[in-house]
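Count along the sequence shown starting at 1, add 76, and that's the number in this note's numbering. All residues carry an ideal CB built from backbone N, CA and C; glycine is no exception. This report concerns only the one structure given below.
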Amino acid sequence: MLALLVFLPILAFIAILLGAPARLTALGASVANLVLGLAAVLTWKNEGLWSSSLNVLEKPALHLSFGFVDGMSVIMVLLSVIVTVAAVLSGKAPERKEKLYFGSSLLISAGAIGAFAARDLFFFFAFHELALIPTFLMIGILGRGDRRTAAWKITIYLGLGSMVLLAGLVWLANLTGSYDIPTMLANKALVPASAQTGIAALLLVGFGTLISLFPFHSWAAPAYASAPAPVAMLHAGVLKKFGLYGLLRLAVPLAPEGLQHWLTPLLVLLLGNVLWVGWVTISQKRLDLMLGNSSVMHMGYIFLAIAALIAFPENPLARSAAIVLMFAHGISIALLFGLADRIERNTGTLDLEDLGGLAKSAPGLAFLFGIAAMASIGLPGLANFSGEVLVFLSAFKGYDPAAGLGPVQIACILSIWGVVISAVYMLRAYRNIFHGPTVKTTSSATDISCLDRVPALLLIIALFAVGLCPNLLLNLLK
């Protein structure tokens with residue numbers, strides 16, 4: 077059954093190439109995957125139902141094996157199928173480009189699901205690379221603005237990051253004697269402390285570049301600003317979580333001593349994400365660039381949870397906090413990029429100085445964007461709040477007042493200022509776009525249609541569900 081989740085989007089892509097209606101086929105496949113994903117949440121512990129294996133090569137042993145290693149895999153697959161449906165529904169393909177537009181969206185989705193569900197290290201890496209190919213093509217061919225520069229920049233950055241990552245993964249596999257991820261985890265004692273420092277460095281740089289860890293982040297905002305809506309939604313919302321998933325799945329359990337060696341530099345870098353990139357976000361004049369930098373900024377909070385887990389390995393709250401915030405951020409940033417695309421289609425611009433008074437002609441759009449903005453800031457009742465509170469609490473797990481504040485606690489206190497920064501740029505953007513006098517670009521704008529509200533409402537339901545009842549995810553992690 078899990079193989080169907082991975083290959084259904086690929087089969088739909090092939091059908092589109094053979095002449096099937098692009099949008100309808102993509103929508104049908106993504107909705108079917110959403111149903112399968114929800115079924116997986118309810119029944120994932122039935123290993124016979126949600127595992128499959130295919131021997132690709134006997135010598136060397138190479139098995140295309142899918143299965144949920146634990147609840148983290150389930151949550152990431154669920155995130156993927158939810159955002160895919162919203163991305164397909166939100167997108168509007170250019171004339172005569174429907175095959176590329178919707179077909180590429182399906183391939184990105186298939187790559188993400190395959191990476192999160194793969195039990196073999198080779199396919200874990202390969203599915204992620206599969207998803208990057210249509211990402212590069214969509215930005216370079218169907219993007220806007222300086223799309224070619226953005227496409228080359230993301231290609232070079234993520235290509236180099238993947239090469240560094242591959243070196244670390246192969247090193248780990250050689251030491252553990254297997255490419256099967258559960259077997260690698262079982263053989264973690266075979267990874268000597270002397271090798272862990274180098275392995276941890278490779279994994280932090282490799283995964284960190286894919287995640288946009290400061291200072292390897294400059295590819296992200298231009299890429300998202302140039303990308304078509306489905307690409308921005310799927311990459312920022314889902315595919316970027318591959319790096320965080322990889323750190324939690326492989327680096328933390330297999331190279332714990334090596335990561336502790338790099339803990340202080342990691343704390344400095346994550347503060348760069350939260351504070352430095354946060355200030356850069358405030359200065360942005362375009363909504364798409366603001367959202368792109370906002371996505372980079374919020375990665376710092378998830379890195380804070382990972383840092384807390386590195387500092388205190390017996391801290392399950394940190395792992396849970398990182399996963400909940402990964403899900404919450406994926407949903408909220410996808411919602412914001414989808415609504416930003418609707419604003420651009422309604423007004424013809426995303427320049428904040430050229431917008432104003434849009435709430436008068438598009439109150440429905442203003443309401444939906446307001447919820448998305450509040451989620452990004454961390455309003456109680458929405459998923460981001462649950463994730464961020466868990467992150468901040470996890471940073472003080474094991475804190476001894478007699479010993480004073482440690483580096484993780486200091487980083488946490490400084491990171492809380494990021495909440496203020498988020499409120500500044502998000503509320504300012506909301507005011508500039510939807511309030512004030514109506515301007516030329518918004519005077520003739522129309523409100524979002526009932527059909528176009530469906531993808532936004534799907535994502536908003538997910539935000540409220542996890543925000544009001546975070547145990548929906550936390551119970552999967554027990």
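Legend entry - Contacting residues, own chain, Cβ-Cβ under 8 Å from PRO136 (five flanking each side not counted): Locating residue 136 in the sequence shown gives position 60, where the first residue counts as 1. Low local confidence applies: a pLDDT of 46 at PRO136 is under 50, so the model's placement there is unreliable, and no value is given.
Inset, instruction - Report the residue from GLY414, ILE378 and VAL400 whose alpha carbon sits nearest the alpha carbon of HIS311. - result: As a working note, residue 311 is residue 235 in the sequence shown. When only C-alpha atoms are compared, the closest one is GLY414.
Legend entry - Counterpart residues of ARG362 in DSSP-defined beta bridges: Counted from its first residue, the sequence shown places residue 362 at position 286. The partner list for ARG362 (beta bridge, DSSP) reads ASP427.
Legend entry - Among GLY284, ALA303, VAL465 and ASN349, nearest to LYS317 - alpha-carbon criterion: As a first step, residue 317 must be located in the sequence shown, where it is residue number 241. The residue with the shortest Cα to Cα distance from LYS317 is GLY284.
Inset, instruction - Check whether the Cβ of THR160 sits closer than 8 Å to any heavy atom of the ligand ADP, and report yes or no. - result: No copy of the ligand ADP occurs in the structure displayed, which carries no ligand at all.
Inset, instruction - Could you give the DSSP three-state label for ALA449: helix, strand or coil? - result: Residue numbering aside, residue 449 sits at position 373 when the sequence shown is read from its first letter. Three-state DSSP puts ALA449 in a helix.
Legend entry - Every unbroken alpha helix (DSSP H) inside the segment 281–320 [4 residues or more]: Entirely contained in the segment 281–320, the alpha helix (DSSP H) runs reaching 4 residues are, in chain order, 296–302 and 305–310.
Legend entry - Nearest candidate by alpha-carbon position, reference THR207, set PRO298, PHE290, VAL82 and SER270: Here residue 207 corresponds to residue number 131 of the sequence shown, with the count starting at 1. Note that residue 207 corresponds to Ala in the displayed sequence, not to Thr. Taking each of PRO298, PHE290, VAL82 and SER270 in turn and checking the Cα distance to ALA207, the smallest one comes out for VAL82.
Legend entry - Where ALA521 falls: helix, strand or coil (DSSP): Within the sequence shown, the letter at position 445 stands for residue 521. In the structure shown, ALA521 falls within a coil segment according to DSSP collapsed to helix, strand and coil.
Inset, instruction - To the nearest angstrom, report how far apart GLY322 and LEU248 are at their CA atoms. - result: As a first step, residue 322 must be located in the sequence shown, where it is residue number 246. As a first step, residue 248 must be located in the sequence shown, where it is residue number 172. Each residue's Cα considered, the two are about 13 Å apart.
Inset, instruction - Could you have a look at ALA438 and say whether DSSP puts it in helix, strand or coil? - result: Along the sequence shown, read from residue 1 onward, the residue named residue 438 stands at position 362. Correct three-state label for ALA438: coil.
Legend entry - Continuous beta strand (DSSP E) assignments of at least 3 residues falling wholly in the segment 212–262: For the segment 212–262, not a single whole beta strand (DSSP E) run of length 3 or above is found.
Legend entry - Whole-angstrom distance between LEU351 and VAL344, CA atom to CA atom: Position 268 of the sequence shown, counting from 1, holds the residue named residue 344. Position 275 of the sequence shown, counting from 1, holds the residue named residue 351. So the alpha carbons of these two residues sit roughly 10 Å apart.
Legend entry - Rounded separation between GLY235 and ASN391 - CA only: The sequence position of residue 235 within the sequence shown is 159, counting from 1. The sequence position of residue 391 within the sequence shown is 315, counting from 1. Straight through space, the alpha carbons of ASN391 and GLY235 are spaced by roughly 33 Å.
Inset, instruction - Following the continuous alpha helix (DSSP H) through HIS337, name the residue where it begins and the one where it ends. - result: What you label residue 337 is simply residue 261 of the sequence shown in a count that begins at 1. According to the DSSP assignment, HIS337 belongs to the alpha helix (DSSP H) that extends over 332–337.
Legend entry - Burial state of GLY95, where buried means 16 or more other Cβ atoms lie within 10 Å: Position 19 of the sequence shown holds residue 95. So GLY95 counts as exposed.
Legend entry - Inter-residue spacing [alpha-carbon to alpha-carbon] between LYS554 and LEU286: Taking the sequence shown and counting its residues from 1, one reaches residue 554 at position 478. Taking the sequence shown and counting its residues from 1, one reaches residue 286 at position 210. Their Cα atoms are separated by approximately 28 Å.
Legend entry - Minimum C-alpha distance to ASN551 - residue among TRP295, ALA163 and ILE399: Within the sequence shown, residue 551 is the residue found at index 475, counting from 1. Per the Cα distances, ILE399.
Inset, instruction - Work out the CA separation of PHE198 and ILE151 for me, nearest whole Å. - result: The sequence position of residue 151 within the sequence shown is 75, counting from 1. The sequence position of residue 198 within the sequence shown is 122, counting from 1. The C-alpha of ILE151 lies about 21 Å from the C-alpha of PHE198.
Legend entry - Three-state secondary structure (DSSP) of CYS488: Here the question's residue 488 lines up with position 412 in the sequence shown. Assigned with DSSP and collapsed to three states, CYS488 falls in helix.
Inset, instruction - Could you pull the start and end residues of the alpha helix (DSSP H) that THR160 belongs to? - result: Reading the sequence shown from its first residue, position 84 is the one you call residue 160. That run of the alpha helix (DSSP H) goes 147–166.
Legend entry - the segment 473–487 in contact with the segment 402–411 per 3-pair CB rule at 8 Å: Result no; under three Cβ-Cβ pairs closer than 8 Å.
Inset, instruction - Excluding the 5 residues preceding and the 5 following LEU103 in the sequence, name in chain order all residues of the same chain whose CB lies nearer than 6 Å to its CB. - result: Numbered from its first residue, the sequence shown carries residue 103 at position 27. Here the set comprises VAL164.
Legend entry - Buried/exposed call for CYS488, threshold 16 Cβ in 10 Å: To locate residue 488, count along the sequence shown from 1; it is residue 412. In the assembly as shown, CYS488 is a buried residue. Its beta-carbon has 16 or more other beta-carbons within 10 Å.
Legend entry - Spatial neighbours of SER180 in its chain, beta-carbon cut-off 6 Å, leaving aside the 5 residues before and after: Here the question's residue 180 lines up with position 104 in the sequence shown. Contacts found: PRO210 and MET214.
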